[in-house]
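Structure record follows, encoded as structure tokens.
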Amino acid sequence: MARSRGHHRISRRTKIATGALGLAAAVGALVVVTTAGGSSGDASADPANKAFFVDITKVKPNVKKPRQQGNASRGTFTVDCGLNENKHFNPDNFIAAPGVKNGAQHLHDYVGNLSTNADSNNKSLAKAGTTCKNGDKSAYFWPVIRIDTGDEEKAKQENPPADQQKQKRDQQAADAKQDKQQPQVDCPDVASKLPGEVPDDAQQPIEDALKKVDEVTDAANKKLPNAKNVDQEVLGPLTEQRKQELDKISQSLMKIGQQPTDFGQLAPCKVKQPNGAGGQDNGGQNNNKPEPGTDTKPQQGENNNNELEGNDGVIQEPIRAQLTFVGNETGKVTAMPKFLRVLYGDAKESQNGPKNAKDSWTCEGFEDKVIMNKYPICPNGKNVKRIHEFPSCWDGKNIDSTNHRDHIVFPDENGKCKQGFKAVPRLTVTLTYKIPHDIQVKGQYKVDAFPFEAHNPLSDHDDFANVMSQCIMNRVVNCINKGKRCSE
Numbered sequence: 001m002a003r004s005r006g007h008h009r010i011s012r013r014t015k016i017a018t019g020a021l022g023l024a025a026a027v028g029a030l031v032v033v034t035t036a037g038g039s040s041g042d043a044s045a046d047p048a049n050k051a052f053f054v055d056i057t058k059v060k061p062n063v064k065k066p067r068q069q070g071n072a073s074r075g076t077f078t079v080d081c082g083l084n085e086n087k088h089f090n091p092d093n094f095i096a097a098p099g100v101k102n103g104a105q106h107l108h109d110y111v112g113n114l115s116t117n118a119d120s121n122n123k124s125l126a127k128a129g130t131t132c133k134n135g136d137k138s139a140y141f142w143p144v145i146r147i148d149t150g151d152e153e154k155a156k157q158e159n160p161p162a163d164q165q166k167q168k169r170d171q172q173a174a175d176a177k178q179d180k181q182q183p184q185v186d187c188p189d190v191a192s193k194l195p196g197e198v199p200d201d202a203q204q205p206i207e208d209a210l211k212k213v214d215e216v217t218d219a220a221n222k223k224l225p226n227a228k229n230v231d232q233e234v235l236g237p238l239t240e241q242r243k244q245e246l247d248k249i250s251q252s253l254m255k256i257g258q259q260p261t262d263f264g265q266l267a268p269c270k271v272k273q274p275n276g277a278g279g280q281d282n283g284g285q286n287n288n289k290p291e292p293g294t295d296t297k298p299q300q301g302e303n304n305n306n307e308l309e310g311n312d313g314v315i316q317e318p319i320r321a322q323l324t325f326v327g328n329e330t331g332k333v334t335a336m337p338k339f340l341r342v343l344y345g346d347a348k349e350s351q352n353g354p355k356n357a358k359d360s361w362t363c364e365g366f367e368d369k370v371i372m373n374k375y376p377i378c379p380n381g382k383n384v385k386r387i388h389e390f391p392s393c394w395d396g397k398n399i400d401s402t403n404h405r406d407h408i409v410f411p412d413e414n415g416k417c418k419q420g421f422k423a424v425p426r427l428t429v430t431l432t433y434k435i436p437h438d439i440q441v442k443g444q445y446k447v448d449a450f451p452f453e454a455h456n457p458l459s460d461h462d463d464f465a466n467v468m469s470q471c472i473m474n475r476v477v478n479c480i481n482k483g484k485r486c487s488e
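Numbering of the sequence shown is given in the UniProt record's numbering, commencing with residue 1 and proceeding in unit increments.
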């Protein structure tokens, strides 16, 4: 099953036949066939092991949800960012492997931020466009699903050629590197300091003020590179402009009887010099190092069919991609800080163990009954679903951490955050795929993964970087805390 890096593989049908013999020799076992990474070629583990597929109707109900308490935040906020219709794919991960080309070694589906790649940083993300209808510039990305029947010619025709995006991605990477080398304005986050629930009478004036805060901060960032006297030309005017808007927020809250709060202390900003930290840190740590154990050497990228080592077949576009932020079962939520990084699941489960891995797989009609760590075989006519519920207890300070996990963790089984952590809106990504029933039964669909994971469904994962404006995040929090159902 060996193949040479960067070259077309030997017959896929030969590989599948060879893989079938291996499976037959290991009854009931989860077979992972790999070869130490040598230059002569690596073994591949496609198609997915048949033992990874389970008839969902034969699985006992296992979904247990915390009971909502009296002060629970019961609302939801759904953002429409499309289905990656513009075919934004790459094998990068700027959170877990920043600056590492093909650091994921598998292909990611992206919605939201249009610039996301290995070299993305806060400044490049903030400057980019978005697929989200409400202007949310956050980055949402997960590994693609493929159907792998051994028909290479079909895959060639249906997968978008990777070289169509290469020039665009190279330019984005160059722009991101340039942004990273420039100083930038670093201002305290405002939305996360607002009360958890703003009365309706104060909502619009506060939202207008937050929008203006974003605008003047962005304008200062654009002015910064050419400023001769930073204090006089940039920081002084910016502090005054921010103070004016923050005073409006204080006044709006006082008018409706809220306890007076001096938001003016959030007005002063500083200049963050380029130091490899990736941008604003919002008063805490913004780690910009690959997660422990990451191979930081540039990896071989996609071939011209968007295929990588061990990851081939026809990429499946979800028929629905629902991005919904929900509340906390024990109390109100506070705003996420801008540029917060959050990971779901573990792409290296076989190496790291089950600690951070999550069960993600289910079928239509089974969402509240069964969530599995295997690929589901659904009843005929039912679609395959992946449900990713992110951690939602933030330490109140850092937007990142050394392992990209310690700064935001999961609540306990009752939904309560541990001491010192604050509940923030919990992102739930629900992806629905129309996988033909015969493909499910034959075990011919799979998630892209690191080669050593051999398409293990327990390696499914998801990534999120919050690049919402202050006013959008404020709407998210208020919608959730007031128990509303909002969609933008």
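Every residue, glycine too, gets a C-beta built ideally from N, C-alpha and C. These numbers were taken from a predicted model, which means no experiment stands behind them.
Q. Between S124 and A176, which are expected to be in contact by the criterion C-beta below 8 Å, what is the C-beta distance as a whole number of angstroms?
A. As a position in the sequence shown, residue 124 is number 124, starting the count at 1. As a position in the sequence shown, residue 176 is number 176, starting the count at 1. Confirmed, Cβ separation roughly 4 Å.
Q. Considering H388, what are the terminal residues of the beta strand (DSSP E) in which it resides?
A. As a first step, residue 388 is located in the sequence shown; it is residue number 388 there, counting from the start. Its beta strand (DSSP E) spans residues V384 to E389.
Q) Is N478 helix, strand or coil by DSSP? A) On the sequence shown, position 478 is the one that residue 478 refers to. Helix.
Q. Which two residues bound the contiguous alpha helix (DSSP H) that contains A126?
A. Within the sequence shown, the letter at position 126 stands for residue 126. N122 to K127 is the span of the alpha helix (DSSP H), which, as asked, contains A126.
Q: Can you tell me the Cβ-Cβ gap for G135 and S469, rounded? I've got them flagged as a contact below 8 Å.
A: Indexing the sequence shown from 1 puts residue 135 at position 135. Indexing the sequence shown from 1 puts residue 469 at position 469. With 8 Å as the limit, G135 and S469 qualify as a contact, their Cβ atoms being about 7 Å apart.
Q.
Looking at the secondary structure, which residues open and close the beta strand (DSSP E) in which H108 lies?
A. In the sequence shown, counting from the first residue as 1, residue 108 sits at position 108. Residues H108 to G112.
Q) Who pairs with M372 in a beta bridge, going by DSSP? A) In the sequence shown, counting from the first residue as 1, residue 372 sits at position 372. DSSP lists W361 as partners of M372.
Q) So T76 is in the beta strand (DSSP E); what residue range does that whole segment cover? A) Taking the sequence shown and counting its residues from 1, the one referred to as residue 76 is at position 76. T76 to V79 is the extent of the beta strand (DSSP E) around T76.
Q) Within this structure, are the beta carbons of K243 and A267 separated by less than 8 Å? A) Working through the sequence shown from its first residue, we reach residue 243 at position 243. Working through the sequence shown from its first residue, we reach residue 267 at position 267. Contact flag set, yes.
Q | Whether N93 touches A104 by CB criterion (8 Å) | A | By 1-based counting over the sequence shown, the position of residue 93 is 93. By 1-based counting over the sequence shown, the position of residue 104 is 104. Contact flag set, yes.
Q: Determine the extent of the alpha helix (DSSP H) in which K248 is found, giving its start and end residues.
A: As a first step, residue 248 is located in the sequence shown; it is residue number 248 there, counting from the start. Taken as a continuous stretch (DSSP letters only), the alpha helix (DSSP H) holding K248 covers G236 to K255.
Q | Validate contact between the stretch 452-463 and the stretch 178-192 using beta carbons, cut 8 Å, 3 pairs | A | no
Q. With C-beta atoms as the reference, is A72 less than 8 Å away from E364?
A. Position 72 of the sequence shown holds residue 72. Position 364 of the sequence shown holds residue 364. The answer is no: Cβ separation not under 8 Å.
Q. Which word fits P425, buried or exposed, when buried means at least 16 other C-beta atoms lie within 10 angstroms of its C-beta?
A. Within the sequence shown, residue 425 is the residue found at index 425, counting from 1. Buried, by the Cβ-count rule.
Q: Return the residue from the list D448, D200, E367 and D262 that minimises the CA-CA distance to G313.
A: Taking the sequence shown and counting its residues from 1, the one referred to as residue 313 is at position 313. Cα-wise, what sits closest to G313 is D448.
**Q.** Span separating the alpha-carbon of K338 from that of N380
**A.** As a position in the sequence shown, residue 338 is number 338, starting the count at 1. As a position in the sequence shown, residue 380 is number 380, starting the count at 1. Taking the straight line joining both Cα atoms gives about 43 Å.
Q. I145: buried (16+ other C-beta within 10 angstroms of its C-beta) or exposed?
A. Locating residue 145 in the sequence shown gives position 145, where the first residue counts as 1. Buried, by the Cβ-count rule.
Q) Between which two residues does the alpha helix (DSSP H) containing Q440 stretch? A) The sequence position of residue 440 within the sequence shown is 440, counting from 1. Start and end: H437 to K442.
Q: Give the single residue among I315, F52 and E291 whose Cα lies nearest to the Cα of K154.
A: Translated into positions along the sequence shown, residue 154 becomes position 154. Of the listed residues, the one whose Cα sits closest to K154 is I315.
Q: Quick one: grab the DSSP three-state call for P143.
A: The residue given as residue 143 occupies position 143 in the sequence shown. Strand.
Q. Who pairs with K272 in a beta bridge, going by DSSP?
A. Here residue 272 refers to the residue found at position 272 of the sequence shown. In the DSSP output, where bridge partners are listed per residue, K272 has Q184.
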